[in-house]
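**Q** Provided herewith is a single structure, encoded as structure tokens, for subsequent inquiry.
Residue numbers (our numbering): 109 to 249.
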């Protein structure tokens, strides 16, 4: 009878590929599980949309709201100062799409509030915003 250790190659090179495959395999499953299989958020959340977390006594009690540990983490992250969707994604090391869905859930559960961005009134971003983004991107290079 063979054990699991018998199936693991002794060669470090082979072990690298197996570990890489296993970690990639888990990474594909986790976002699906975290979002409950959903691929779209219930709110229109852009990368720059700011989100604030509410203290439990401030948050309205919404019956049957989906509350998960991920949503608690998002609420805690956003309590000190508002964070953008991109920042939340980076803090949690999750994809932007997953962050949008989880933040939407937190808003629906009354755990977070969304702040309107400056350019939501018009369909085109302002030249000032584009210049700031361009300047920031140039600094990265």
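The C-beta atom is built at its ideal place from N, Cα and C for all residues, glycine as well.
These figures come from a predicted structure and were not determined experimentally.
Enumerate in chain order the residues of its own chain whose CB-to-CB distance from residue 246 is below 6 Å, with the five nearest sequence positions on each side excluded.
**A** Excluding positions up to five away in sequence, the list is empty.
**Q** Taking residue 174 as the reference, give the member of 221, 241 and 144 with the closest Cα.
**A** Residue 174 has its Cα closest to that of 144, out of 221, 241 and 144.
**Q** Suppose the cutoff is 6 Å on Cβ atoms and the five residues either side in sequence are ignored; what does the same chain contact list for residue 313 look like?
**A** For the chain, the structure presents residues 109 to 249; residue 313 sits outside this window and is missing.
**Q** Alpha carbon to alpha carbon, how far is residue 238 from residue 188? Give it in angstroms, no decimals.
**A** About 28 Å.
**Q** Do you know how far the Cα of residue 221 is from the Cα of residue 176?
**A** Taking the straight line from one Cα to the other gives about 17 Å.
**Q** Do residue 158 and residue 201 come within 8 Å of each other at the CB atom, strictly closer than that value?
**A** No, the Cβ-Cβ distance between residue 201 and residue 158 is not below 8 Å.
**Q** Pick from 185, 207 and 182: whose alpha carbon is nearest that of residue 194?
**A** Comparing Cα-Cα distances from residue 194 to each of 185, 207 and 182, the minimum goes to 207.
**Q** Using the C-alpha atoms, what's the distance from residue 241 back to residue 211?
**A** In a straight line, the C-alpha of residue 211 is about 23 Å away from that of residue 241.
**Q** Do you know whose CA, among 225, 233, 214 and 234, lies nearest residue 164's CA?
**A** Ranking 225, 233, 214 and 234 by Cα distance to residue 164 puts 214 first.
**Q** Are the CB atoms of residue 185 and residue 219 within a distance shorter than 8 Å?
**A** No, they are not a contact pair.
**Q** Once DSSP output is grouped into helix, strand and coil, what is the label at residue 242?
**A** Residue 242 falls in the helix class under three-state DSSP.
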